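Numbering (my numbering), first residue to last: 801 to 1573. Notes follow once the structure below has been shown.
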Amino acid sequence: MRALLVGGVLLVVAAVVLDRIFPLRLPPTDTGSTVVLARDGTPLRAFADTDGVWRYPTSSRQVSPLYLQALLSYEDRWFFKHPGVNPYALLRGVGGVFRYGHMVSGGSTLTMQVARIIEPIPHTAGGKCIQLFRALQLEAHLSKTQILDLYLNHAPFGGPIQGVEAASWAYLGKSASQLSHAEAAMLAVLPQAPSVLRPDRHANAARHARDKVLDRMQSLGVWSPAITTDARIEPVTARSLRSPLDAALLAERLHQQQPEARRIVTTVDASMQRAVEDKVSEYLARLPPRTSAAVLVVDNATLEARVYVGTASFADPQRLGHVDMVRAPRSPGSTLKPFLYGLAMDDGLVTSESLLVDAPQSFGSYRPANFDQSFAGPVSVAEALQRSLNVPAVDVLDRLGPNRFVARLANGGVELDMVGGAAPNLSVVLGGASTRLESLVGAYTAFAKNGLAGAPRYTLQAPLQRRRLLSPEAAWIIREILSNNPANVEGAPLEGSSDAHQSLAWKTGTSYGYRDAWAIGVTDDWTIGVWIGRPDGTPSPGQYGAVTALPLMFGVSRMLPVTHALAHASRPMGVRAIDVCWPLGGAAASTPSGQCRQRRTAWTINGVLPPTFAERDLTAWSSGASTLRVDNQNRRLSATCHGKGEHRVSLARWPALSVAWLDADDAAASALPPLAPGCLPDSLDVVSPIRIAGVADGAVLRQAPNSANALRVTLQAMGASSDVQWLLDGRLQGTSIGRADMVITLLQPGDHQVTALTREGAYARIALHVTAR
C-alpha cells in the first residue's frame, strides 16, 4: 500500500514537473479572424487572420443541440465522463492493430482531437504519447465546456475554414444554430477528413459519411428511425466555398474602427440588406458605365441603420467599388432646401403660402438660375420647395443669412465643408458646399421625430443622440409639403391611392455638372437616402435626382416593412391653417376684398403671418399696400396737387419682378393710376416703361427656304438703361445692357412669347408665331 502511495505521489510530481516544463499553449482568444454580423447574427463579412483562416467565434451554448448530439455521440459519447483519455477506446484501438494489422479505431477522445488541433503532433507512437499528455493537460486546466468550445472554434472543415459556425455559413448559408438533423450529421463528421468530405467538391463522399453518423445515432437510440430515415432523404447540397460579402464597406469601416474585435454586431437587417443590394445592382445595369450608388436606410425610432450600401459593386474597379459613398463628401444639390424653409418658418420669415418670386434676379454678383433655365413668376413657399426652384431659395437664404443657416445645420448634425474653406455664401443652398449621405439621412429623420435629428447608428453600442434642428411645427409643415408632391417617375405612389407608402415625403437634388444625383425619403418608420453618380466626380450628363435617384428611392421604400411603430405625428398645437391673401400676405379676414387678389390657405406657426418680402431693389416700385389720392376720373394726385372729387384709394401692389407673369386683371389692379394733368411727378413713377423693338407684336415668322440654320431674331429693349433679362416662353435666354441688341433663337414652330424684364420690374412682352417650312 505504501509503495502504491509513494508511486502515486511520484506520478503526480512528475505530472506537475512535466506541466511546468512543457506548458500548454492555448490559441489566443484575442487574435485571429474577425466576423462582422447582422443584427440577427448573420455574417455580413469576414476578415481572415494573418494565416488566411476564416473563423467565426461561437460556443456550445450557441450551436444547434442537434449538432452537439451528433458530434458527441459519433466522436466521443463519454466526453463528459473521462479525464481526457478513454482507456477502453485506447485498448480497442491497440487491439485492432494486432488483429487487422492496421489502425481500425484511433481511440482518440474529443479532448485528444483538440490537443492535435491546437498543436501539430506527428502521427507516430511518440506523437500519440504527446497527444495523450496534452489531453490530460487540457482536462487539468480547462473545463469540459471550454474544451468543447475550443473544438467548435478550431476544428478543420476544409480549405481556410475553421470552426463549425464558419463552416455552416460557408457551405450551407446559415448559422450553426439552425441545422437540420442531416446537416448536423454532415458537419459532425466533416473534420475527420475535411479534404475528401467537403460537400462542395465531394457530395457523394459527404453523403456516405453523413449516413454513417445517422446510422450511429439510430443504433444508439439518440434519434428515432423516423428522424434518421427522413434525414437520409435530404440531399447533400453546398454552396461554393466563399466568405460572405454583404454590407462590405460598413464591415470594413467598423473593422478599421475596432481592429481588435473578433465579433462585431451591426444594426443591419441581413435580408433587407441583400434585397436592396440586389435591387441596386439590377438598377445600375441601366445606367452609364462607371456609375456607382449608395443607399442608407435608417429606422427613425432608433436611428439604427438597417441597410448600408456604400457602393454599387464592391469588387468592380471600374466603378471604384472600394470607395464608400455613404460617407464620401459630395455636393448635396437642392437637398438642403427643406431645412432652409423650415428654419425660415421658425424665424417668422415665411409661412407655407408666403409669396415668393421666381424670376431672374441678381444677389450682388451671384445670379442663380433654375435647373431647366425657366422661371415661374409668383410662387408660394410650398410650390418653390416642391418644384425645387432656385431663385426663391436664394432669396430666402439671403434674408435668413448664410452664416446663420450653416451654423444651425451644424447644430443639428449636418456639417458642411465649404469649397476652399471659404465663408458660407448664398450658393450653399444650391449645393455650393459638400456633405455626406449619412449626414443628410440623419438630418431628414427630423421630419419624422418632431424636428430632432440624429446621426445614424451602425452598432448597438453607438449612443442614441438627437439634436434640435427644427421646431416640431416647422418639421411637421415641411413634411406635409414634401408628402404632397406627386412624382411622375417609375415606382412613385399614385395620387389618390391607398398605398401605405403614400405618406412618403421626398426631396431630390442634383449637383452642378450632373455629378451627384440625390433622393431622400421619409416615412413614419424609415428614412431612405440614395446617392447616384461617379465616385471620381466626373459628370454623368442627363443623370439627375428626379430621373435617376428618385425611382431607386421609391423602389427601396416599397421593399421596407410598414410597421408604423412611429405613428405619423399629429399636427402640433402651434400649427394653424389660416387663409391669406396675395400679394400682401396678410390674413384674408382682415384684408379688404379689393386687395385680396388671390386667396390661399397657409400653415402658420402660432398664427404668425409675415408680410410678403419687401423689394430688395430701391429703384423698383414700392410693393405692398399703397394708399393714393385720386380725382373723380381716378387720376393720381401728387403731394401739392388737388383735383375735383378728390378721394383716397388703396392698392395691393405685387412684387415688381412678378408683374410680367400676372394675368391682365391682376396686373391692372396692381398698376398705378396715371398722374393727373398739371401734377408734378412723384417718386412712385421710378420705373420707366420699356418696349421691345425689332419685331412687331403678333408677327408671323418663317425660316428662309432651303436654310439649315435656326430662325433668329434681333431685338432691343427701348427705354431700358440697365440690365435686361430676356426670356423665351419663360426660359432665360440671356442678358443685354440698355438698348443693346439681343439675338433670340426660335428652334420650334408654333406660338412663342418673348419677355424683356428689367431689375426694377419694368417689362415688355410680344407674341410671335413661327410657321413650319
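C-beta: ideal position from N, C-alpha, C; glycine also. If you're wondering where the values come from, they're calculated on a predicted model, not measured in any experiment.
Around the beta carbon of P1089, a 10 Å sphere encloses fewer than 16 other beta carbons of the protein chains shown; the residue is thus reported as exposed.
For V1554 against R1565, the beta-carbon gap comes to about 7 Å, under 8 Å, which counts as contact. With respect to the 9 Å criterion, T1067 and E1104 are classified as neighbours on the basis of their beta carbons. V1214 places its beta carbon less than 9 Å from that of L1269. For P1178, the enclosing beta strand (DSSP E) starts and ends at G1177 to S1180.
Beta-bridge pairing by DSSP links R1399 to C1381. Nearest to S1426 by alpha-carbon distance, out of T924, L1384 and S1154, is L1384.
As for any alpha helix (DSSP H) of minimum length 4 sitting wholly inside the region 1096-1162, the runs are 1137-1146, ordered along the chain. Partner residues in the beta bridge of A1317, as assigned by DSSP, are T1310 and I1332. At a Cβ-Cβ threshold of 9 Å, R1007 and V1036 count as neighbours. Residue pairing by DSSP places A1556 opposite W1526 and A1564 in a beta bridge. For H941, the enclosing alpha helix (DSSP H) covers residues A925 to H941.
Separation of L950 and P1256 (C-alpha to C-alpha, rounded to the nearest whole angstrom) is 37 Å. For R839, the secondary structure class from DSSP, reduced to helix, strand or coil, is coil. Measuring C-alpha to C-alpha distances from L1084 to each of R1119, L1189, D1465 and R1063 identifies R1119 as the nearest. Secondary structure of W1454 (DSSP, three-state): coil. Between the region 1123-1134 and the region 1305-1320, the count of C-beta pairs closer than 8 Å reaches three or more; the two stretches touch.
Nearest in C-alpha terms to G1445, of all of S968, A1468 and D1431, is D1431. Taking C-beta atoms under 8 Å as the contact rule, L987 and S968 qualify, at a distance of about 7 Å.
The Cβ atoms of V1330 and V1123 lie no closer than 9 Å to each other.
Taking the Cα positions, S1357 is about 51 Å away from S943. By a beta-carbon distance limit of 8 Å, T1259 contacts V1065. Their separation comes to about 7 Å. With a cutoff of 9 Å on beta-carbon distance, Q1073 and A838 are scored as near each other.
Looking at A1439, K1137, D1147 and S1092, the one whose alpha-carbon comes closest to that of L1484 is A1439.
Look at T1235 here: in three-state DSSP terms it is strand. Apart from sequence neighbours up to five positions away, the residues of its chain that approach S1081 with a beta-carbon distance below 8 Å are A1112 and S1113, ordered along the chain. If you look at V1500, you'll find it in the beta strand (DSSP E) that goes A1499 to R1502.
G1386 and A1193 have their C-alpha atoms some 21 Å from each other. Assignment of T1391 by DSSP, reduced to helix, strand and coil, places it in the coil class. Around the beta-carbon of F880, fewer than 16 other beta-carbon atoms lie within 10 Å, marking it exposed. With contact defined as three or more Cβ pairs closer than 8 Å, the region 926-941 and the region 954-965 are not in contact. A residue is called buried once 16 or more other Cβ atoms fall within 10 Å of its Cβ, and I947 is buried on that count.
Secondary structure of S1271 (DSSP, three-state): coil. Taking the Cβ atoms as the reference, S1470 lies roughly 5 Å from R1453, within the contact range of under 8 Å.
Contact between V1191 and A1159 holds, since their C-beta atoms are separated by about 7 Å, short of 8 Å.
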